[in-house]
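Read the structure below first, then the notes.
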Amino acid sequence: MVLKALALAEYKGFVDVVLGAANPHEKTIRDLFQKCGFKGEVNLSVSDLAYRISVAAAGFTSIGLTTYEMEALGLPMFIVSGNGLNKVVAEIYAIENPNAVFLGDVNNLTEIEISDRFVALFNSIKNCFSSKVRHSPIGSKSAVAVEKIKDLIIKLKLK
Numbered sequence: 007m008v009l010k011a012l013a014l015a016e017y018k019g020f021v022d023v024v025l026g027a028a029n030p031h032e033k034t035i036r037d038l039f040q041k042c043g044f045k046g047e048v049n050l051s052v053s054d055l056a057y058r059i060s061v062a063a064a065g066f067t068s069i070g071l072t073t074y075e076m077e078a079l080g081l082p083m084f085i086v087s088g089n090g091l092n093k094v095v096a097e098i099y100a101i102e103n104p105n106a107v108f109l110g111d112v113n114n115l116t117e118i119e120i121s122d123r124f125v126a127l128f129n130s131i132k133n134c135f136s137s138k139v140r141h142s143p144i145g146s147k148s149a150v151a152v153e154k155i156k157d158l159i160i161k162l163k164l165k
């Protein structure tokens, strides 16, 4: 769903998809990634997740354990929950975490809605999503860029 939303948004930046080892949709996701023509990669169970998070401008998560790793590294994130229990947790988490915005539950959300929210953020901070940010050494991404993303996430929450 997120890949389709990024395609609808005509996102041209680097996309780094990291799947857990038990993810049953790897082939489908790889095929969709290639079909969308994204720059980037799809990986399964990486050993350098902390590095990938530290150089990202923003992330999408479904409120699994990676959400807490993103939080610990200060990554602004969009949450799309995958079931009813996760929806409740995601709603509470987004209220309590200033770096997170809950977009909705996968069963009650469309790619267009995700795309629209992403575009609102993206258009405000295009430079933050450049490949320079993605390929920077750990800790060198612009603190100003990260603060802009966090401010915009707060504004999105208020809508």
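Per our numbering, the sequence shown runs over residues 7 to 165. Where a beta carbon is used, it is the ideal one built from N, C-alpha and C, also for glycine.
Collapsing the DSSP output to three states places D111 in a strand. A63 counts as buried, since at least 16 other C-beta atoms from the protein chains shown sit within 10 angstroms of its C-beta. Two segments are said to touch when three or more pairs of C-beta atoms, one from each, lie closer than 8 angstroms; by this definition the stretch 66-73 does not touch the stretch 34-53.
Taking C-alpha positions only, G88 is separated from G26 by approximately 15 angstroms. Rounded to whole angstroms, the separation of the alpha carbons of M7 and F124 is 13 angstroms.
For M83, the closest of G19, N92, V94, N103 by C-alpha to C-alpha distance is N103.
For F20, the enclosing beta strand (DSSP E) begins and ends at 20-25.
Note on geometry: alpha-carbon atoms of G80 and K93 lie some 22 angstroms from one another. Residue burial is scored here from C-beta neighbours: I120 has at least 16 other C-beta atoms within 10 angstroms and is therefore classed as buried. Rounded to whole angstroms, the Cβ separation of E77 and N105 is 7 angstroms, and the two are in contact under 8 angstroms. For V48, the uninterrupted beta strand (DSSP E) segment begins and ends at 45-50.
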